[in-house]
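Reviewing the structure listed below.
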Amino acid sequence: MTASVFFGCTFIAFGPAISLFLFTIARDPLRVIFLIAGAFFWLVSLLLSSLVWFIAVQISNKENASVQKGLLIFGVVLSVLLQETFRFGYYKLLKRANEGLMALSQEDAMPISIRQLAYVSGLGFGFMSGAFSVVNILADSLGPGTVGIHGDSQHYFVSSAFMTMAIILLHMFWGVVFFDACEKKRWWAVVIVVLSHLLVSCLSFLNPQYEGSLIPAYVVMCVMGMWAFSSAGGSLRNLKLCLTCRDKDFLLANHRPR
Amino acid sequence: MNTSDSEEELCNERTSLMTGSPPISSYHVETGLPSSMDTQTKRRRPVTNQSNNRETHHEGVSTERDSTADSEDEELSLKYGAKHVIMLFVPVTLCMIVVIATIKSVSFYTEKGGQLIYTPFTEDTTSVGQRLLNSVLNTLIMISVIVVMTIFLVVLYKYRCYKFIHGWLILSSLMLLFWFSFLYLGEVFKTYNVAMDYPTLALVIWNFGAVGMVCIHWKGPLQLQQAYLIVISALMALVFIKYLPEWSAWVILGAISVYDLIAVLCPKGPLRMLVETAQERNEPIFPALIYSSAMIWMVGMTEQSAVQQPSHQERNSDEEVGQSHHDNTEDNRNVVVPETEVHGTQSRTSSAEELEEERGIKLGLGDFIFYSVLVGKASATASGDWNTTLACFVAILIGLCLTLLLLAIFKKALPALPISITFGLVFYFSTDNLVRPFMDNLATHQFYI
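Those protein sequence lines, which keep their order, are chains A and B. Each number in the numbering used here corresponds to the 1-based position in the first sequence with 949 added. Each number in the numbering used here corresponds to the 1-based position in the second sequence with 122 added.
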């Protein structure tokens, strides 16, 4: 496979995430730390779910292909549930840490707001999830080979890249909505987040019928994006003001000294 | 090929996070900085009183204001603390990236090419038990060499044999900067089939080495010094990755974390004694074995003088360090020192200029080396490939973050290896054996979690 496939797929998969990181997170050390901590939490959830899956595989019949596939599906569902559990756990940890910090400093304002934490932790989850899904595939795309020589889909790399981009952005949106829902104790919203994550993962079972998995995943991503935007305080009015550079608060807040 | 002692020396002295224990440190405990950041951890190298003053001053920002501004100070300290964590994340990440890039591209460092004299037992044995036994024996020998070197260094330091230490240090840096970089360049050229003539190579190596010696042992721009320290840590780590047999490497990593813990925290531990002696004598740690992340800026003074001053101050105290090649680097490198270099400015500011400080943190080069060895070994030998490398990378960074958090809480020298290496080892073995088959199966079917 060519270098253009490698670079193209890398930028498709990680482009939005890296640009988000560079423009909004890289300058603030606290955000970077919480991003890496979020990635760590995702990693631990993956570890636990792999452990359960591994044990299940060891005690099962390894010859039977359908049993193995069933176990894999079970593994996926379990992993999604564990990821959301760890997201909740991370939320609890951040709340407690913030409360501790505030109690000690006797101050009203926290150095980083819970909304920023939601965004950053969601992106951390997304980075790690995307990296684990796609980095090995990208590394393989640099080497020799023919895609789909045995009759599989020719669009393996590109579809993986697009799916990864969707997953990364979805994790970020899920993070924002999840934390906001936990803050306002709207448990139905939490359930919807978990269900949408399950939906996107289960849609991937339809691969390589990419119309069935990619398009609905992007639809879910747009819906979640709009929901996250509105729960973070955005509205059509805000958006219009921002895009036409008439939002005075935004301009003032982002004014950089010359 | 048997490498020389300098590698071990480098390893011994360089693993610790150091903080000075300023007399006013109690203030900081009361302000109760819960975040990880403001403190420094102490490891193998004791932070001298210079860092005491620095630390005092460093934390003094928050303690010396009145109560009404306490909340501002808390936030400032938290932000400063986070900044220090990032100031350590960046060089550790860079070192790991250099090591991983080399491992992945230059096949020399993954080929078997003999073993160090410190690991004489071979791992090409018939049975698993024999291999395990050999690796444990190798570890015992290596660790005992390190312990002996460290104690030798402490003895030398106590009896003020500064010249000996200094000479030793210079010798080990010479070897790293000239010989190892020459070998490294040679392998890179071989990999990419670059034609290179000896005169050009000699010129390049000479310049690289000479500037490196000047930067590390004398004065130089801070960023250049940092870059050189990262490069020599990466070179050392690559040597270890090549010449340590596989199982021995993992056992050694585990053992050295335990040793680090003991050496820094036990009252009679060599590194702790080193730290305390340095503190009593009010001397800073040798910069050749410690990565420092900040310097003092003085308003109204030229940049050059500001840059040189801190390094100059530190260099003076460098002469104390220098037992064996190995010990020096290892012991020194395992220390993370908080660095507020007010000391330097105090000695030369006579006018009423405003002092704008950029406080920093110091991490021993041994930490860099062992983190990179872990990640490099993971990238070289893991069948899970990039997933394992990524997992180890994140684990090490989180371990470092937690260590700095503990540093903020305890405000005394702490070892920087144990938490990170433990996380790294746990994640390496679990990712390679549990996560890899799972992710491979998912990728085959293109399932996404």
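No residue lacks a Cβ here, since even glycine has one placed at the ideal position from N, Cα and C. Keep in mind it's a predicted model, so treat the numbers as computed, not measured.
Does residue i get closer than 9 angstroms to chain A when you measure Cβ to Cβ?
{"i": "P540 (chain B)", "result": "no"}
{"i": "P213 (chain B)", "result": "no"}
{"i": "T553 (chain B)", "result": "yes"}
{"i": "H567 (chain B)", "result": "yes"}
{"i": "M561 (chain B)", "result": "yes"}
{"i": "L411 (chain B)", "result": "no"}
{"i": "N509 (chain B)", "result": "yes"}
{"i": "K533 (chain B)", "result": "no"}
{"i": "A500 (chain B)", "result": "no"}
Taking the straight line between their C-alpha atoms, what separation do you get for residue i and residue j?
{"i": "D562 (chain B)", "j": "K341 (chain B)", "result": "51 angstroms"}
{"i": "A535 (chain B)", "j": "L1043 (chain A)", "result": "27 angstroms"}
{"i": "C388 (chain B)", "j": "Y284 (chain B)", "result": "25 angstroms"}
{"i": "G1049 (chain A)", "j": "L527 (chain B)", "result": "14 angstroms"}
{"i": "S414 (chain B)", "j": "S1070 (chain A)", "result": "30 angstroms"}
{"i": "I225 (chain B)", "j": "V361 (chain B)", "result": "11 angstroms"}
{"i": "D1129 (chain A)", "j": "L1119 (chain A)", "result": "15 angstroms"}
{"i": "L1031 (chain A)", "j": "K364 (chain B)", "result": "38 angstroms"}
{"i": "E475 (chain B)", "j": "E398 (chain B)", "result": "Confidence is the limiting factor: at E475 (chain B) the pLDDT is only 42, short of 50, which leaves the residue's position unreliable, though a coordinate-based value still follows. If I take the Cα positions, the gap works out to 33 angstroms."}
{"i": "G391 (chain B)", "j": "F515 (chain B)", "result": "29 angstroms"}
{"i": "S1109 (chain A)", "j": "D1196 (chain A)", "result": "38 angstroms"}
{"i": "V557 (chain B)", "j": "G1161 (chain A)", "result": "27 angstroms"}
{"i": "H288 (chain B)", "j": "R282 (chain B)", "result": "11 angstroms"}
{"i": "S1062 (chain A)", "j": "Y570 (chain B)", "result": "31 angstroms"}
{"i": "V258 (chain B)", "j": "D977 (chain A)", "result": "44 angstroms"}
{"i": "P1093 (chain A)", "j": "Q401 (chain B)", "result": "59 angstroms"}
{"i": "N329 (chain B)", "j": "M358 (chain B)", "result": "20 angstroms"}
{"i": "T153 (chain B)", "j": "L210 (chain B)", "result": "Residue confidence for T153 (chain B) is low, a pLDDT of 31 falling below 50, so the modelled location carries little weight; the figure read from the coordinates is stated next. Approximately 24 angstroms, taken between the alpha carbons."}
{"i": "G1075 (chain A)", "j": "F1178 (chain A)", "result": "17 angstroms"}
{"i": "Q345 (chain B)", "j": "G334 (chain B)", "result": "12 angstroms"}
{"i": "L366 (chain B)", "j": "A1046 (chain A)", "result": "41 angstroms"}
{"i": "A987 (chain A)", "j": "T247 (chain B)", "result": "Reading the sequence as shown, one finds Gly at residue 987 (chain A) and not Ala. Taking the straight line from one Cα to the other gives about 43 angstroms."}
Output yes if chain B places a C-beta closer than 9 angstroms to the C-beta of residue i; else output no.
{"i": "K1041 (chain A)", "result": "no"}
{"i": "Y1167 (chain A)", "result": "no"}
{"i": "L979 (chain A)", "result": "yes"}
{"i": "V1016 (chain A)", "result": "no"}
{"i": "A1067 (chain A)", "result": "no"}
{"i": "R1207 (chain A)", "result": "Low confidence applies to R1207 (chain A): its pLDDT is 43, below 50, so where it sits in the model is not reliable, and the reading given next is rough at best. No, no contact with chain B."}
{"i": "I1086 (chain A)", "result": "yes"}
{"i": "F960 (chain A)", "result": "no"}
{"i": "S1009 (chain A)", "result": "no"}
{"i": "S1028 (chain A)", "result": "yes"}
{"i": "P1157 (chain A)", "result": "yes"}
State yes or no: is the C-beta of residue i within less than 9 angstroms of the C-beta of residue j?
{"i": "A500 (chain B)", "j": "Y550 (chain B)", "result": "yes"}
{"i": "I541 (chain B)", "j": "L519 (chain B)", "result": "no"}
{"i": "Y381 (chain B)", "j": "E309 (chain B)", "result": "no"}
{"i": "I263 (chain B)", "j": "L298 (chain B)", "result": "no"}
{"i": "A1166 (chain A)", "j": "A1115 (chain A)", "result": "yes"}
{"i": "F989 (chain A)", "j": "M1121 (chain A)", "result": "no"}
{"i": "I352 (chain B)", "j": "T261 (chain B)", "result": "no"}
{"i": "R980 (chain A)", "j": "W1123 (chain A)", "result": "no"}
{"i": "I378 (chain B)", "j": "I268 (chain B)", "result": "yes"}
{"i": "I222 (chain B)", "j": "G546 (chain B)", "result": "no"}
Using CA atoms only, rank isn't needed, just tell me which of the options is closest to residue i.
{"i": "V326 (chain B)", "options": "B:L529, B:C514 and B:S303", "result": "B:S303"}
{"i": "A332 (chain B)", "options": "B:W369, B:L293, B:E309 and B:A317", "result": "B:L293"}
{"i": "H567 (chain B)", "options": "A:F1154, A:H1120 and A:L1091", "result": "A:F1154"}
{"i": "C958 (chain A)", "options": "A:V1001, A:L1087, A:G1092 and A:V1029", "result": "A:L1087"}
{"i": "W372 (chain B)", "options": "B:P406, B:T215 and B:S494", "result": "B:S494"}
{"i": "S227 (chain B)", "options": "B:H339, B:I338, B:G289 and B:N315", "result": "B:N315"}
{"i": "L969 (chain A)", "options": "A:M950, A:G1094, A:L1072 and A:M1170", "result": "A:L1072"}
{"i": "L383 (chain B)", "options": "B:T544, B:S257 and B:F311", "result": "B:T544"}
{"i": "P213 (chain B)", "options": "B:R558, B:L487 and B:W508", "result": "B:L487"}
{"i": "L1163 (chain A)", "options": "A:Y1105, A:L1201 and A:V1142", "result": "A:Y1105"}
{"i": "T241 (chain B)", "options": "B:T248, B:L255 and B:L396", "result": "B:L255"}
{"i": "H206 (chain B)", "options": "B:L529, B:L539 and B:G546", "result": "B:L529"}
{"i": "I1117 (chain A)", "options": "A:L1152, A:Y1068, A:W1137 and A:H1099", "result": "A:Y1068"}
{"i": "W1176 (chain A)", "options": "A:I1141, A:Q1017 and A:C1191", "result": "A:I1141"}
{"i": "A538 (chain B)", "options": "B:K484, B:P559 and B:S505", "result": "B:K484"}
Could you confirm whether any beta carbon from chain E is found closer than 9 angstroms to the beta carbon of residue i?
{"i": "P242 (chain B)", "result": "Here the protein chains are A and B, and chain E is not one of them."}
Review point. Which runs of the alpha helix (DSSP H), 4 residues or longer, sit entirely within the region 317 to 380 of chain B?
Key: Every alpha helix (DSSP H) of 4 residues or more that sits fully in the region 317 to 380 of chain B is shown, in chain order, as 320 to 339 and 344 to 365.
Check your understanding: Fully enclosed by the region 245 to 286 of chain B, which beta strand (DSSP E) runs are 3 residues long or longer?
Key -> Scanning the region 245 to 286 of chain B for uninterrupted beta strand (DSSP E) segments of 3 residues or longer gives nothing; none is fully contained.
Check your understanding: Enumerated in chain order, which unbroken segments of the beta strand (DSSP E) with a length of 3 residues or greater are wholly contained in the region 515 to 550 of chain B?
Key -> Taken in chain order, the region 515 to 550 of chain B contains no complete beta strand (DSSP E) segment of 3 residues or longer.
Review point. For the region 971 to 1053 of chain A, which segments carrying the beta strand (DSSP E) assignment without a break, of at least 3 residues, lie completely within its bounds, in sequence order?
Key: For the region 971 to 1053 of chain A, not a single whole beta strand (DSSP E) run of length 3 or above is found.
**Study point:** Entirely enclosed alpha helix (DSSP H) segments - the region 1097 to 1136 of chain A, minimum 4 residues
**Key:** Counting whole runs of 4 or more residues, the region 1097 to 1136 of chain A contains the alpha helix (DSSP H) stretches 1105 to 1132.
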